[in-house]
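Heads up: the sequence shown begins at 5 in the working numbering, then just goes up one per residue. Where is the CB? At the ideal position from N, CA and C, for every residue including glycine. The structure displayed is predicted, hence computed values, not measured ones.
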Amino acid sequence: MSQAMPSLAQQVNQRKIINGKDDVVQLYPIKHQFAWDAYLAGNANHWLPNEISMQKDIEQWRSNSVLTEDERRVVKFALGFFTTADSIVANNLILAVYKHVTSPECRMYLLRQAYEEAIHTHAYQYIVESLGLDEAEIFTMYNRIDSIYNKDQFAAQLVPQLTQPDFATGTLENDQAFLENLIDFYVIMEGIFFYSSFAAILSFRRRNLLPGVAEQFQYIMRDESMHMNFGMEMIHQIIVEQPHLWSETFQRKIINKIVKAAELEAAYAKELVPNGILGLNAESFESYTRYIADRRLNALNLSTRFHEKNPFPWMSEAVDLTKSKNFFETRITEYQTGGALQWDDF
Ligand code: FE
Numbered sequence: 005m006s007q008a009m010p011s012l013a014q015q016v017n018q019r020k021i022i023n024g025k026d027d028v029v030q031l032y033p034i035k036h037q038f039a040w041d042a043y044l045a046g047n048a049n050h051w052l053p054n055e056i057s058m059q060k061d062i063e064q065w066r067s068n069s070v071l072t073e074d075e076r077r078v079v080k081f082a083l084g085f086f087t088t089a090d091s092i093v094a095n096n097l098i099l100a101v102y103k104h105v106t107s108p109e110c111r112m113y114l115l116r117q118a119y120e121e122a123i124h125t126h127a128y129q130y131i132v133e134s135l136g137l138d139e140a141e142i143f144t145m146y147n148r149i150d151s152i153y154n155k156d157q158f159a160a161q162l163v164p165q166l167t168q169p170d171f172a173t174g175t176l177e178n179d180q181a182f183l184e185n186l187i188d189f190y191v192i193m194e195g196i197f198f199y200s201s202f203a204a205i206l207s208f209r210r211r212n213l214l215p216g217v218a219e220q221f222q223y224i225m226r227d228e229s230m231h232m233n234f235g236m237e238m239i240h241q242i243i244v245e246q247p248h249l250w251s252e253t254f255q256r257k258i259i260n261k262i263v264k265a266a267e268l269e270a271a272y273a274k275e276l277v278p279n280g281i282l283g284l285n286a287e288s289f290e291s292y293t294r295y296i297a298d299r300r301l302n303a304l305n306l307s308t309r310f311h312e313k314n315p316f317p318w319m320s321e322a323v324d325l326t327k328s329k330n331f332f333e334t335r336i337t338e339y340q341t342g343g344a345l346q347w348d349d350f
């Protein structure tokens with residue numbers, strides 16, 4: 005070994021989330037342990053939509069006496085948002101984020117996360133197909149419904165800048181743009197904009213309605229809360245590595261952004277449940293959005309704004325990852341291991 009080559013300890017200390025000088029294909033030595041842990045946890049939580057039976061859901065959807073028109077509208081409207089939202093997240097990861105991340109262990113998780121976003125889009129497609137919904141109506145909703153379009157547009161506002169061929173990290177302005185994009189997607193899109201719809205869909209489960217749809221959304225919400233936790237860890241680590249990025253001005257900008265995001269989500273919730281469903285009304289969704297926004301501000305060590313009580317306490321068992329092990333105990337599918345695969349045909 006040449007004497008000029010840094011020791012493993014030196015290498016790991018040089019490793020950074022962005023602007024690192026590391027060899028991005030050399031996983032070891034791992035510095036950002038949270039990323040490797042998230043990668044392993046993501047694999048342990050693997051699931052696929054078509055493992056889940058939609059039989060009951062199809063019967064209930066076809067029946068004239070089970071679901072009200074408002075309840076059907078909620079399912080279609082939430083799918084209208086979700087069918088494109090996860091694709092927008094995946095595109096941001098692969099096209100705007102991945103290239104600039106210089107931590108190989110973070111890149112490993114980004115690859116896992118991108119696949120999970122594809123699984124989520126697959127789940128929405130599976131639900132749309134199973135229930136016999138109009139694909140053209142659902143998959144184009146983001147372009148036709150203002151409250152959906154506004155959320156997508158808000159989260160994706162920095163994507164054109166980050167995907168410019170000549171965009172590079174390493175300046176204050178560009179590093180802050182990158183950090184802001186992480187907040188736009190991990191905190192606002194996956195951490196706020198998904199939650200009214202999660203609450204609405206999971207409220208069906210509480211009345212034993214649409215069990216296959218609800219079960220898939222439980223898995224999706226578990227994945228999404230992991231994405232958000234990983235994003236928060238990455239954001240905090242970038243701030244540790246480059247503290248000057250987290251200036252007073254930048255913090256104020258982020259607080260204002262999260263407050264604006266809560267308004268957009270409340271406007272969306274008003275269209276999602278204009279008349280209320282299953283005992284939940286638009287006001288309770290607005291309170292829930294504000295409660296969630298405060299949680300995100302708090303997780304970023306920023307001052308909270310709304311101080312609302314959680315109107316949906318039943319959501320916390322589904323959101324709280326520490327409890328999710330029991331929550332998902334019902335899963336029965338076993339994945340094939342490498343040794344069980346048949347290679348003879350090749
Ligand atoms: Fe996600």
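Taking Cβ to Cβ, would you say residue i is nearer than 9 Å to residue j?
i, j, result
"Ile131", "Asp61", "yes"
"Ile92", "Ala160", "yes"
"Gln64", "Leu183", "no"
"His231", "Glu109", "no"
"Asp90", "His124", "yes"
"Phe210", "Trp318", "Note that residue 210 is Arg in the sequence shown, not Phe. Against a cut-off of 9 Å, the Cβ pair of Trp318 and Arg210 comes out as a contact."
"Phe158", "Asp188", "yes"
"Ser291", "Glu267", "no"
"Asp298", "Phe310", "yes"
"Ile34", "Thr87", "no"
"Met58", "Ser134", "yes"
"Met112", "Tyr43", "yes"
Does the beta carbon of residue i fall short of 8 Å from some heavy atom of ligand 1?
i, result
"Val93", "yes"
"Gln117", "yes"
"Asp90", "yes"
"Asp227", "yes"
"Cys126", "In the sequence as displayed, the identity of residue 126 is His instead of Cys. Checking the Cβ of His126 against ligand 1 gives no."
"His50", "no"
"Glu194", "yes"
"His231", "yes"
"Glu237", "no"
"Glu120", "yes"
My understanding is that residue i touches residue j, with C-beta atoms under 8 Å, so please give their C-beta distance in whole angstroms.
i, j, result
"Thr308", "Asn302", "6 Å"
"Ile196", "Gly84", "Contact doesn't hold; Cβ gap of about 18 Å is too wide."
"Thr175", "His104", "The Cβ separation is near 12 Å, so there is no contact."
"Ser207", "Leu137", "In fact, because the Cβ distance is near 19 Å, the residues do not count as touching under 8 Å."
"Met53", "Ala122", "It should be noted that the sequence gives Pro, not Met, for residue 53. That pair is no contact at about 11 Å."
"Leu162", "Asn147", "Not confirmed; about 21 Å, so no contact."
From residue i to residue j, what does the alpha carbon distance come to, in whole angstroms?
i, j, result
"Arg66", "Glu269", "31 Å"
"Ile281", "Val79", "11 Å"
"Ile243", "Leu249", "7 Å"
"Leu325", "Leu304", "Residue confidence for Leu325 is low, a pLDDT of 38 falling below 50, so the modelled location carries little weight and cannot support an answer."
"Phe202", "Lys261", "22 Å"
"Thr167", "Gln246", "22 Å"
"Thr337", "Glu55", "For Thr337, the pLDDT reaches just 46, beneath the cut-off of 50, and the residue's location in the model is therefore unreliable, although a value from the coordinates is still provided. Computed Cα separation, rounded: 7 Å."
"Val277", "Ile149", "14 Å"
"Ile205", "Val29", "40 Å"
"Lys329", "Gln220", "Residue placement at Lys329 cannot be trusted, given a pLDDT of 39 that sits under 50; the coordinates are not used to answer."
"Lys327", "Asp170", "Note that Lys327 scores 36 on pLDDT, short of 50, meaning its location in the model is unreliable; the coordinates nonetheless yield the value given after this. In a straight line, the C-alpha of Lys327 is about 44 Å away from that of Asp170."
"Glu287", "Pro315", "10 Å"
"Asn154", "Ala140", "20 Å"
"Ala218", "Tyr190", "23 Å"
"Ala264", "Ser320", "Reading off the sequence, residue 264 comes out as Lys, not Ala. If I take the Cα positions, the gap works out to 24 Å."
Does residue i come within less than 9 Å of chain D when only Cβ atoms are used?
i, result
"Pro53", "Annotation note: the requested chain D is absent from the structure, which comprises a single protein chain."
**Request:** Indicate whether the contact test is met: 3 or more Cβ pairs, each with one atom in the stretch 231-246 and one in the stretch 32-40, closer than 8 Å.
**Result:** A contact between stretches requires three or more CB pairs, one per stretch, nearer than 8 Å, and the stretch 231-246 meets this requirement with the stretch 32-40.
**Asked** Quick check: the stretch 220-232 against the stretch 260-278, are there 3 or more CB pairs under 8 Å?
**Response** In this structure the stretch 220-232 does not lie against the stretch 260-278, because fewer than three pairs of beta carbons, one per stretch, are closer than 8 Å.
**Request:** Kindly confirm or deny that the stretch 161-180 and the stretch 108-119 touch, where touching means at least three C-beta pairs closer than 8 Å.
**Result:** Short answer: they don't touch.
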